[in-house]
Each structure stands twice: as structure tokens, then as C-alpha cells.
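Chains as they are written, first to last, in this note's numbering: chain L, 1 to 280; chain C, 1001 to 1324.
What follows is the structure, given as C-alpha cells:
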């Protein structure tokens, strides 16, 4: 098992260690265990060089903003939709449920090219001062990175499954107390459903093609540097020469935050992924 | 949305007897107005999600269905023209790169699905034992999942270089007998190298899924099995495996879809090369549909890809269905 652990750890250890060495030493140490040991001439020069090469804080801010928006709006929209499907009777419910089941197996990549075509031609009402202006096309914006990824069939499905398991009669009791649907949902259902909210939030951050790991989509739809996320930033390190030390430093910088969040909330992470598999 | 809010506020303030815009009728039975408020509120709750789903998931699928029969380009002064089945004739008849990509994708999935699913189960069984440090090992096996595929691909691209870590490790193990090779530059090893890396990155995810399945099996079943004098292998074969069936279906379908969608690794590590040996369906969709701006052709390839995934999912569902 220790050998297996070594197999899973060695690339990550190597990455962090190499980020502290200059390129000459990285290659010199490659033939021995020194590759995994912080030995020789160590410095933070690679990290300083990263800040010279890319607007790191800007990239990180963009990623955090888009991730927070997709996850936050996703929780609201998907949970309300799941709630309506699980616990309310209304016309068209069967149809909507069928639609969601049908899109469950649709991989995002099958729609990515037509989606680019679609967003390139979508209108938007912008503001020039206080005057509304009709704009055409969503390319090169924050909204193109956020709005198409808020809704998620799997999240709706997880919410619906969870809400169904809550005791019957909650709504009737709330209605007798004079609470309307929105109030019942917000004051009674949401507080009872914290675990599923945590699960969906974590799954969104870890697996959505638009959150922390967003790469292909922003690569295709966002050209301006000020709006790009961290993963697209790796491109800037392969332009003329490849300084591997800098690459290792940058990769460490965009990996560590997530690893730290994972280690702190480990139990919740494991639980959410486990519960994703249990809903069959 | 706003009207739902108002409706619920209103019903809250009028003892739930009437809701929102509906004329307050004190004689009307309470039950019926509750049902009507439910109708309205249910639809209102679902509307944002359904609208976004229609626009950004169903919408592109329909767009793709239409564009696939045209010569549309991403940015073009002339409007798209209807070209019939031309794109599909090109995909199935002439486009040798696409044929190769189809084959590569199936090959990749055929290797990765059993490898990643099986290794995931092995890891789950290992960390499910009651031994010291099992949480540590679980964390370590899961770490690559937390690491972005972009980072993982770049990292392994470096490890696979001719003077990279993989070669020097092999050389050390074989006492210098191993002559290094650039794994990703050789058409016969490039795909294998991507397989190993992909499994390394993804297996932790499925270990957790298997583990959750294992932990639903009650301890008493094993105790009963042990009383009957069964061997550990028999208990695994005839108790554990059948009880893991629902987990198996989930693991099978999720790995298959992920494997069929192979893209990031290829894009970063090999750009489909050398000589097309690692090109995949999604890589071709992005190449043709986006890089070369042939939206119509890209849409046709997307449609073909969708049909393949759908067919695979249906076949798997059929094969793994409950027979009782």
C-alpha cells in the first residue's frame, strides 16, 4: 500500500519540489531521488517570475468570481427546480422531469461547439451610463463563463431525490401556520437540507467545466486577458521558451488552494462524492 | 419569480385562504385554493431552471441538429446554406483522421473503463480494511482528483519526456539497462502513456464511489458467511460483488462517458499527434468546429458523438438491468 501511495504522490511531490529549483538543477536532479528532495540551491525565484509573466491575482480573482457565481446561482436555481419536481403538483411536471432525465447522460462536450455558435449570437441588454443598449454576442464576458453553467440536470436530480426523502406533510403544516411556498421552502426545507446543498456545491466546484477547473470553455469564448481564469493561464508559459521551473511554480500555485480546501473539508468532500454514486 | 414571491407573501398574510392575484373568495374551499397556489408556485419554482436548461442544454442540441446539415462557419459574411448529408458523407467517407479518432476513442475507453473501474475497487477494498492510516491512504489516492486535469497533463508531459522522471526511474530499476524514450512522441506508446496518466488522475473518484457501496453492506452478512465456513474469496465473489451491483452500474456508466469524452489530456500533451495516434472524437469536434471554424462539420461530428454515447448508455443499461 505504501508503494501505491508513492505512485499517487510522486508527481505532486516532484512538482512542488521542482518549483523551488532553477531549470538547470531540475534536470540535474532528475537521475536520483534528489528530484523529490528540496536540496541544493533553493529559492522562490520561480514564484517571483510567475508574477512577472502573468497577472496571477487577476486570473485567480476571475476564477474565484466565476466559481462563486456558478455555484451560488446553481444552488438556488437547481434546488428550487428540484423542489418543484419533488414536492409540488403542477402541470408539466412530468414533462420537465423527463427532460432532466434525458439530459443527464448528455456529455457537455457534445454541445460545446453549437453552444459557442449560440452564445456568439445571443443578445444582451447592456448599459451605457443609464441608457440601455442592445448588444449582440456574449463572447469575451463574465456572463458567458457563468450563465450557461448555472443549471445542471444532475444537481436538480440530487436535490429532488433528497427533498423526496423529507417527511410528508411539512408543507401542509406550514400552510396551516400561514406560510406561503417561498417561505416554507426558505425557512423549513432549506435548513433541513444542508447536506444536499453541501454535496451539490462541492460537486459543482470539483466537476463543473466552468468552475475551478474551467479550461476549454474560457479558452474558446474569452480572448481578453483581464477576464481569463487560472487554468487558461498555463498557456502563457509555453510561448517562446519553456521555463519549467516557472511552470512548476504556477501549477503549484493553482493546485495548492484546492488541496488545502480539500484537506480542511475532507469529510464533506468524500461524503458528497459518495452520495453522488448512491443515487441510482 | 416576483409573482411567486408576492403570491406566497399574500397567502401568508391572509391565512392561506386566497393567494396573490386570485380574487379573494372566502366561500371557496380552502383545499382548492391551496392546490391552485401550488400549481402556480410549482411552475414558478421550476421556471428559472427549465428556461436555462432549454436555452443552454437543449438549445445547443437543437442548433447542432440544424447546423449539421449546413456549411455554417463561426464568423462568416454569408449565411449558412443547407448542404444535406454532405457533412456526414465527409465524416464517414473521406475524413481518415476522424476514422482514426473514432478508433482511438473506443480503444481508450475499452482500456480505461475496466482498468480504472477495477483499480478503483481494489483501492476501495484496501482502504476499507480496519488498519492504521487508512484515512491517510484514502486522502493520498484522492489527491490527483482534486488536481486539475490541466495541471496533471502538463506535469505528466514533463515526466514523460526523454530526459524525464519516468525514464530515469525505469533506468534506475533496471540498473541502467533501460534506454530512455520520449513516450508521447512515439505513436505506439503515446496513447498508452495517456491511459496511465488518466487512470492515475481519475481512479480516486471511483474508489470513493466503490467505498460508499462497500459500506452499505452490513457486517452481519459477512459474519453469517464466515459461520458457514466460506473462504474470504468466496465471500468476496458471492456476497460482496452481487451486493455492489448498483454501484457497478454507476461506475461503469460514468467512466464510459468520461473516457469517451477524452480531450484535455490530448489537447495539452500531444495535440492529437504523433501522426494522429492520440486524436479523439472530441478533439476533432473542437479542431474542426472551432479551430478551423467549420461549425457545420463540427456540429455533425457532435451529433455523431451524441448518438454513440446514447447508444453505449442504452446498451450498458440493457446489459446491467435487473433480471428479476
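By construction, the Cβ of each residue, glycine as well, lies at the ideal position given by its N, Cα and C atoms.
As the structure is a computational prediction, the values presented were derived from the model and not from experiment.
{"Query": "Whether residue 89/L touches residue 1042/C by CB criterion (8 Å)", "Result": "yes"}
{"Query": "Pair within 8 Å by beta-carbon distance, residue 1063/C and residue 118/L", "Result": "yes"}
{"Query": "Nearest to residue 262/L (by Cα), restricted to the options 1233/C, 1236/C, 1245/C and 1146/C", "Result": "1146/C"}
{"Query": "Reference residue 1240/C, options 1249/C, 1213/C and 1229/C, closest by Cα", "Result": "1213/C"}
{"Query": "Under the three-state DSSP convention, the category residue 1056/C falls into", "Result": "helix"}
{"Query": "Collapsed DSSP secondary structure at residue 133/L in the structure displayed", "Result": "strand"}
{"Query": "Backbone CA spacing between residue 38/L and residue 20/L [nearest angstrom]", "Result": "8 Å"}
{"Query": "Anticipated Cβ contact below 8 Å, residue 1162/C with residue 1175/C, distance rounded", "Result": "That pair is no contact at about 19 Å."}
{"Query": "CB contact flag (residue 1117/C, residue 1252/C, <8 Å)", "Result": "yes"}
{"Query": "DSSP beta-bridge partners of residue 125/L", "Result": "134/L"}
{"Query": "Residue-chain proximity (residue 1247/C, chain L), Cβ-Cβ < 8 Å", "Result": "yes"}
{"Query": "Residue-level contact to chain C via CB, residue 241/L, 8 Å cutoff", "Result": "no"}
{"Query": "Chain L within 8 Å of residue 1039/C, Cβ atoms only", "Result": "yes"}
{"Query": "Straight-line Cα distance separating residue 57/L from residue 126/L", "Result": "27 Å"}
{"Query": "Partners in chain L for residue 1045/C, counting only beta-carbon separations shorter than 8 Å", "Result": "80, 81, 83, 84, 88, 181 and 185"}
{"Query": "Status (buried if at least 16 other CB within 10 Å, exposed otherwise) for residue 1206/C", "Result": "buried"}
{"Query": "Contact the stretch 22-39 of chain L vs the stretch 55-69 of chain L: 3+ CB pairs below 8 Å", "Result": "no"}
{"Query": "The stretch 43-58 of chain L touching the stretch 1184-1195 of chain C, judged by at least three CB pairs closer than 8 Å", "Result": "no"}
{"Query": "The stretch 1132-1141 of chain C / the stretch 1305-1322 of chain C touching (three or more Cβ pairs under 8 Å)", "Result": "no"}
{"Query": "Cβ-based burial, residue 1227/C [other Cβ within 10 Å; buried from 16]", "Result": "exposed"}
{"Query": "Cβ contact check for the stretch 143-150 of chain L and the stretch 1047-1058 of chain C: 3 or more pairs under 8 Å", "Result": "yes"}
{"Query": "Beta-bridge partners of residue 1082/C, as assigned by DSSP", "Result": "1070/C"}
{"Query": "Members of the stretch 55-67 of chain L near chain C, C-beta cut-off 9 Å", "Result": "none"}
{"Query": "Cβ-based contacts, 7 Å cut-off: residues of the stretch 245-262 of chain L near chain C", "Result": "247, 251, 254, 255, 258, 259 and 262"}
{"Query": "Residue 29/L - DSSP class collapsed to helix/strand/coil", "Result": "helix"}
{"Query": "Selection of the stretch 109-122 of chain L by Cβ proximity to chain C, strictly under 8 Å", "Result": "109, 110, 111, 112, 113, 114, 115, 116, 117, 118 and 120"}
{"Query": "Those runs of the alpha helix (DSSP H) which lie wholly inside the stretch 1142-1166 of chain C and span at least 4 residues", "Result": "1149-1159"}
{"Query": "Within-8 Å CB hit, residue 103/L to chain C", "Result": "yes"}
{"Query": "Cross-chain neighbours of residue 1163/C in chain L, by beta carbon under 7 Å", "Result": "27 and 30"}
{"Query": "Interface flag, residue 1060/C vs chain L, CB-CB below 8 Å", "Result": "yes"}
{"Query": "Interface residues of the stretch 1221-1246 of chain C facing chain L [CB-CB below 7 Å]", "Result": "1246"}
{"Query": "Three-way DSSP call (helix, strand, coil) for residue 196/L in this model", "Result": "helix"}
{"Query": "Beta-carbon gap between residue 163/L and residue 193/L smaller than 8 Å", "Result": "yes"}
{"Query": "DSSP-derived helix/strand/coil call for residue 1169/C", "Result": "helix"}
{"Query": "Option nearest residue 1050/C by Cα separation, candidates 96/L, 122/L and 182/L", "Result": "96/L"}
{"Query": "Contiguous alpha helix (DSSP H) assignments of at least 4 residues, all confined to the stretch 201-255 of chain L", "Result": "216-221"}
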